[in-house]
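Count the sequence shown with the UniProt record's numbering and you get residues 1 to 405, in order.
Glycine residues also receive a C-beta, built at the ideal position from the N, C-alpha and C atoms.
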Amino acid sequence: MDIANGNKISGNSSVGVHGSLYADLKDILETWRQKIPNEWDIDIIVLSPDLWSSPQEVAPDHTVKLDRVAADIPIVRRHGSSFRRLTLIGSDGSQRHFIVQTSLTPNATSDERILQLFRVMNRMFDKHKESRRRHICIHTPIIIPVWSQVRMVEDDLIFNTFLEVYENHCARNDREAELPITFFKEQLNQAISGQISPDAVVDLRLQAYNEITKSFVTESIFSHFTSFMLQIAKNTGKIFQTDFHPAYDANGMIEFNEPVPFRLTRNLQAFFSHFGVEGLVVFAMCAAAQAVVSPKQSQLLWYHLAMFFRDELLSWSWRRPLGMPLATAVGAGNLNPVDFKQKVTTNVENVIGRINGIAPQYISEEEENGMDPPQSVQRGVAELVEAALTPRNLCMMDPTWHPWF
């Protein structure tokens with residue numbers, strides 16, 4: 001049988017013919033070996049999340065094939081761990097960089113779900129006038145699940161983590177990167193041993209925080225590294241936070257037990273400047289909140305959040321924290337469908353309520369005249385920013401979070 005063309009090879013079954021048959025088979029296999037690399041091209045157009053969410057098909061002439069994987073596979077440090085970084089080279093010469101994450105935790109699926117939710121919110125931002133004119137968009141890197149314990153995460157070279165900036169600053173000035181954490185813990189030895197009252201612990205933490213900000217970590221680190229570390233990143237302005245997922249209490253409800261709502265520490269404030277924080281950051285947060293809770297989008301957001309929390313709570317029930325009683329864990333086996341639906345609905349209403357709290361609200365002229373003094377439409381976001389900048393709140397954070405940076 002001619003395997004390449006599907007035709008039979010003429011000849012009998014005698015031993016003398018076997019030599020020619022083997023020679024023909026060798027030629028056929030050699031032909032296959034030459035054809036396979038050209039016919040089994042791998043498309044890398046799926047590596048763009050915009051194409052996933054777009055109903056339009058990609059033109060054949062715009063399709064980029066995976067040509068090869070770069071020979072250089074460096075080891076990079078991300079999120080407190082070390083990973084290998086692959087470089088995929090396309091047929092047009094473009095390069096896409098991915099880190100290979102192994103031994104994934106149950107929170108890995110939560111990262112993928114939150115990215116899907118962010119892509120839906122990006123569509124809402126694009127349909128709202130105020131968010132569209134400010135070009136508000138959440139950066140959503142590509143995540144490719146390889147199998148249950150391995151995935152590839154986009155890791156562009158233009159991005160640098162806060163840890164890299166801080167470690168390079170310490171290396172330049174011949175300082176130990178862990179010195180602030182060590183000093184902070186030494187100052188709290190009295191609190192750990194129980195020598196002072198609980199009310200005085202906050203003052204002791206604030207005192208240690210102020211000492212670190214004066215002696216160890218300055219507020220101009222980002223300004224020193226603008227040309228060295230952030231020059232390429234400033235061209236895009238994209239920021240992505242890993243391990244961004246909700247925290248739940250023992251009953252499966254969203255909990256907020258940290259005094260700081262988000263990271264806006266001293267160096268970020270100095271880099272943005274006072275005008276950037278009070279102007280760009282506050283107005284961008286208000287516009288984003290108003291875009292997702294607008295009358296045209298609120299119902300769509302409700303359904304997407306409901307699907308998100310349904311999958312989150314089902315996954316959370318399997319990664320129950322240590323020490324939590326089994327009776328309080330949320331799961332299909334421990335909770336009837338009615339109670340489970342109620343928990344999902346309550347979480348969705350809590351999230352939408354928080355967004356409504358920071359979104360600018362329409363105030364009629366009669367209500368505005370009755371207020372003394374008049375309230376700002378950005379007061380919800382302004383309160384969050386103030387809480388994120390207050391040193392008394394920052395000193396209560398875990399030292400490994402580097403609140404002084």
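6 Å Cβ shell around residue i - same chain, five flanking residues per side excluded
i, result
"V177", "Inspection of the sequence shows that residue 177 is occupied by Ala rather than by Val. Correct list, in chain order: E167 and C170."
"L115", "T140"
"M124", "A291, V292 and Q297"
"F184", "A208 and P399"
"L230", "Bear in mind that a pLDDT of 34 at L230, under 50, signals an unreliable position, so the number given afterwards is only what the model happens to contain. So the list is empty, once near-sequence residues are dropped."
"V385", "none"
"Q378", "V282 and C286"
"G357", "G380"
"L326", "Low confidence applies here, because L326 scores a pLDDT of 47, under 50, leaving its location unreliable and the question unanswered by this model."
"N336", "none"
"E39", "Residue placement at E39 cannot be trusted, given a pLDDT of 41 that sits under 50; what the coordinates show is reported in the next sentence. Closer than 6 Å at the Cβ level, and outside the excluded window around E39, lies no residue."
"F340", "none"
"E130", "A287"
Per DSSP, cross-strand counterpart(s) of residue i
i, result
"M152", "V100 and I144"
"T87", "H97"
"I75", "R84"
"I254", "Y248"
Residue span of the beta strand (DSSP E) that contains residue i, given as start and end
i, result
"L163", "Here L163 belongs to no beta strand (DSSP E); instead the alpha helix (DSSP H) covers F162 to R172."
Endpoints, the alpha helix (DSSP H) within which residue i is located
i, result
"D203", "P198 to S215"
"P337", "P337 to I358"
"P180", "L179 to Q187"
"C286", "V282 to V292"
"W401", "Taken as a continuous stretch (DSSP letters only), W401 belongs to no alpha helix (DSSP H), as it is neither H nor E."
"I114", "N107 to K127"
"residue 439", "Outside the shown range of the chain (1 to 405) lies residue 439, about which nothing can therefore be said."
"E176", "It is not in any alpha helix (DSSP H) - E176 carries neither H nor E in the DSSP assignment."
"V381", "R379 to L389"
"L313", "S298 to W316"
Sequence-distant residues of the same chain with beta carbon closer than 7 Å to residue i, five excluded per side
i, result
"H304", "L117 and V120"
"S376", "A382"
"T109", "S315"
"P180", "I212, F216, V217 and W404"
"I136", "F125, A284, A287 and A288"
"V348", "W302, L305, A306 and F309"
"P145", "R151"
"E312", "S110, R113 and P246"
"L47", "Bear in mind that a pLDDT of 47 at L47, under 50, signals an unreliable position, so the number given afterwards is only what the model happens to contain. So the list reads R96 and I142, once near-sequence residues are dropped."
"P261", "L384, A387 and A388"
"residue 411", "Given that the chain is displayed from residue 1 to residue 405, the structure contains no residue 411 and the question cannot be resolved."
"I355", "A289, V292 and V293"
Beta-carbon gap between residue i and residue j smaller than 7 Å
i, j, result
"F405", "N267", "yes"
"W316", "Y248", "yes"
"F308", "R113", "yes"
"A388", "L264", "yes"
"P259", "N393", "yes"
"H97", "D156", "yes"
"L206", "C395", "yes"
"A191", "V201", "yes"
"I99", "N122", "no"
"Q204", "Q149", "Here residue 204 is Leu; the residue named in the question, Gln, does not match the sequence. No, Cβ-Cβ distance for L204 and Q149 is not below 7 Å."
Residues of its chain near residue i, where Cβ-Cβ distance is below 8 Å and the 5 sequence neighbours each way are ignored
i, result
"F162", "H402 and F405"
"I75", "S82, F83, R84 and R85"
"I143", "D111, E112, L115, R151, M152, V153 and E154"
"residue 424", "Because the chain in this structure spans residues 1 to 405, residue 424 falls outside the shown range and cannot be described."
"V69", "L86, T87, L88 and I89"
"D72", "T87"
"I352", "V293, S298, L301, W302 and L305"
"K127", "A291, K296 and Q297"
"Q95", "A70, T87, L88 and I89"
"M397", "E258, P259, V260 and P403"
"I196", "Q190 and L204"
Residue-chain proximity (residue i, chain B), Cβ-Cβ < 7 Å
i, result
"S81", "The chain labelled as chain B is not found in the depicted structure, where only one protein chain is given."
Examine the Cβ distances between the segment 65-78 and the segment 89-99 and report whether three or more of them are shorter than 8 Å.
yes
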